[in-house]
Amino acid sequence: MKQILLEAPGRFAEREAEAPVQAAGHALVRIEKVGVCGSDFHAFAGRHPIYTYPRIIGHELSGVVEHAPVNSKGVERGDRCAIEPYLTCGTCHACKRGKNNCCERLQILGIHVDGGMQEYLSVPTELLHKSTRLTLDQLALVETLGIGAHAVERSELKEGERALIVGAGPIGIAVAQFAAEAGADVHIVEKSEWRRAFVERMGYSSSETADGRAADAVFDATGSATAMAESLSHVVPSGKLIFVGLTRDPVSIDDSLFHRKEVTLFASRNSFGLFPRIIRLIEEGRIDTSHWVTDRLGLSDVVSQFSSLTERKTLIKAIVDVNHPD
Ligand SMILES: [Zn+2]
Ligand SMILES: [Zn+2]
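The structure is reproduced here in structure tokens:
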């Protein structure tokens, strides 16, 4: 089978490999679509703290089951599935509390271990989430959408509350969709004019800088330490601030403002456990994925085209079509 290896920062290579052996408790899955994530761009640039090389990246995955043992998820040969990429230990402090997303030994397919930029993958059956109604593109978007779903869950946002989202990249858009689904009044702050127009086509109001109205929940989806620090000034007294985007830089918080408003600050990390709910919301038409995919490439194109993707100003989500003729 064909696979694309990120050999080192800045360098992909295509190679032939044996198809994986289906491990016990695993299904053999033919990978169909791989969403390209911001963290993949950081890995390519050598700026992501977690990635090691060489690595087969790709953690936003959909595929079709080739072989599966009898399993509790009822997944069978031919099923279209979203692949949840989170391998958790189940025994650490976080896992025991049901907070597997914070697993101390968390391994993510495509980040800590090899992921989806290859034609076949052996996947634990409990990580497969099938849908007969969603397209393979939609199934590959579930992980990304989950980042927004989890952030909104953390905020306990209520109907009629105001949500301010800073940054209209994929994370910000995912947050906006779940905040709107929760019944919040959503406003997005985004510097790029193209992205503002994009989210306005999705039905959200937006502005280049904060519009002066404080929000019950402010979500940072920029991963910029400066923007994260500034976000505090947009929170109502007793409101919430949720850091969804992440940075390696320290974030400095104006403590007098933080105390005066008695703001609650949350971190939000991955989307473990949310796949079934997200799939159901897309199936019911409550989360619209029609705007998401802005760019496409074949698996072999990754070698030559990935670096140009990183420069595209009009990119929201690129999808790699794994099993299509180039
Ligand atoms: Zn991602
Ligand atoms: Zn654990």
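The numbering of the sequence shown is this note's numbering, which starts it at 50 and goes up by one.
Glycine included, every Cβ here is placed at the ideal spot set by N, Cα and C.
Using the Cα positions of residue 63 and residue 263, report the straight-line distance between them to the nearest angstrom.
-> Taking the sequence shown and counting its residues from 1, one reaches residue 63 at position 14. Taking the sequence shown and counting its residues from 1, one reaches residue 263 at position 214. The alpha-carbon atoms of residue 63 and residue 263 are separated by roughly 50 Å.
Closest residue to residue 99 among 333, 320, 310, 295 (Cα-Cα distance) = Locating residue 99 in the sequence shown gives position 50, where the first residue counts as 1. Ranking the options by Cα distance to residue 99, first place goes to 295.
Counting only the same chain and skipping the five closest in sequence on each side, list residues whose C-beta sits under 7 Å from that of residue 355.
-> Residue 355 sits at position 306 when you count from the first residue of the sequence shown. Only 61, 93 meet the Cβ criterion.
Whose CB is closer than 7 Å to a heavy atom of ligand 2? List the residues in chain order.
-> 137, 138, 139, 140, 141, 143, 144, 149, 152, 153, 154, 155
What first and last residue would you give for the beta strand (DSSP E) that runs through residue 163?
-> Taking the first residue of the sequence shown as 1, we reach residue 163 at position 114. From DSSP, residue 163 is part of no beta strand (DSSP E); its letter is neither H nor E.
Using only the heavy atoms of ligand 1, determine whether one of them is closer than 7 Å to the beta carbon of residue 88.
-> Within the sequence shown, the letter at position 39 stands for residue 88. Yes, the beta carbon of residue 88 sits closer than 7 Å to at least one heavy atom of ligand 1.
Inter-residue spacing [alpha-carbon to alpha-carbon] between residue 375 and residue 351 | Start at 1 with the first residue of the sequence shown, and residue 375 comes out as number 326. Start at 1 with the first residue of the sequence shown, and residue 351 comes out as number 302. Caution is warranted here: a pLDDT of 44 is assigned to residue 375, below 50, making its placement in the model unreliable, and the coordinate value is therefore given only provisionally. Taking the straight line joining both Cα atoms gives about 11 Å.
With respect to the beta strand (DSSP E) encompassing residue 77, which residues constitute its N-terminal and C-terminal limits?
-> Within the sequence shown, residue 77 is the residue found at index 28, counting from 1. Here the beta strand (DSSP E) through residue 77 covers 75-85.
Would you kindly check if the distance between the Cβ of residue 293 and the Cβ of residue 231 is under 8 Å?
-> Position 182 of the sequence shown, counted from the first residue, corresponds to residue 231. Position 244 of the sequence shown, counted from the first residue, corresponds to residue 293. No, Cβ-Cβ distance for residue 231 and residue 293 is not below 8 Å.
Can you have a look at residue 181 and say buried or exposed, based on whether 16 or more other CB atoms are within 10 angstroms of its CB?
-> Numbered from 1 along the sequence shown, position 132 holds the residue referred to as residue 181. Result: exposed.
Drop a sphere of 10 angstroms on the beta-carbon of residue 162, count the other beta-carbons inside from all chains shown, and report buried for 16 or more, exposed for fewer.
-> Residue mapping note: residue 162 aligns to position 113 of the sequence shown, counting from 1. With fewer than 16 Cβ atoms within 10 Å of its Cβ, residue 162 is classed as exposed.
Would you mind reading off the limits of the beta strand (DSSP E) that contains residue 116?
-> The residue you call residue 116 lines up with position 67 of the sequence shown. First-last of the beta strand (DSSP E) with residue 116: 109-116.
Counting along the chain, where does the alpha helix (DSSP H) carrying residue 58 start and finish?
-> Here residue 58 corresponds to residue number 9 of the sequence shown, with the count starting at 1. From DSSP, residue 58 is part of no alpha helix (DSSP H); its letter is neither H nor E.
Ordered along the chain, which non-local residues of its own chain (more than five positions away) have a Cβ less than 7 Å from that of residue 341?
-> Reading the sequence shown from its first residue, position 292 is the one you call residue 341. These residues qualify, in order along the chain: 190, 365, 366.
Could you tell me which uninterrupted beta strand (DSSP E) segments, each at least 3 residues in length, are contained entirely in the stretch 172-204, listed from first to last along the chain?
-> 177-179
Please classify residue 369: is it buried, with 16 or more other beta-carbons within 10 angstroms of its beta-carbon, or exposed?
-> Translated into positions along the sequence shown, residue 369 becomes position 320. By the neighbour-count rule (16 or more Cβ atoms within 10 Å), residue 369 is buried.
Residue 193 Cβ short of 7 Å to ligand 1 heavy atom set = Within the sequence shown, numbered from 1, the residue matching residue 193 stands at position 144. Yes, since a heavy atom of ligand 1 falls inside the 7 Å radius drawn around the Cβ of residue 193.
Between residue 172 and the rest of its own chain, which residues show a CB-CB distance below 7 Å, the 5 nearest in sequence each way excluded?
-> Locating residue 172 in the sequence shown gives position 123, where the first residue counts as 1. Result list for residue 172: 75, 76, 78, 132, in chain order.
Collapsed DSSP secondary structure at residue 368 in the structure displayed = Walking along the sequence shown from the start, residue 368 turns up at place 319. In this structure, residue 368 counts as strand in the three-state DSSP scheme.
Where does residue 220 fall in DSSP's three states?
-> Working through the sequence shown from its first residue, we reach residue 220 at position 171. Correct three-state label for residue 220: helix.
With 16 as the cutoff for other CB atoms within 10 Å, does residue 235 come out buried or exposed?
-> Stepping through the sequence shown from its first residue, residue 235 is reached at position 186. It counts as buried.
Which residues share a DSSP beta bridge with residue 131?
-> Counting from 1 along the sequence shown, the entry for residue 131 is found at position 82. Answer by DSSP bridge pairing, in chain order: 111, 178.
When 111, 290, 361, 149 are compared against residue 244, the one with the closest alpha-carbon = Taking the sequence shown and counting its residues from 1, the one referred to as residue 244 is at position 195. Out of 111, 290, 361, 149, 361 has the C-alpha closest to the C-alpha of residue 244.
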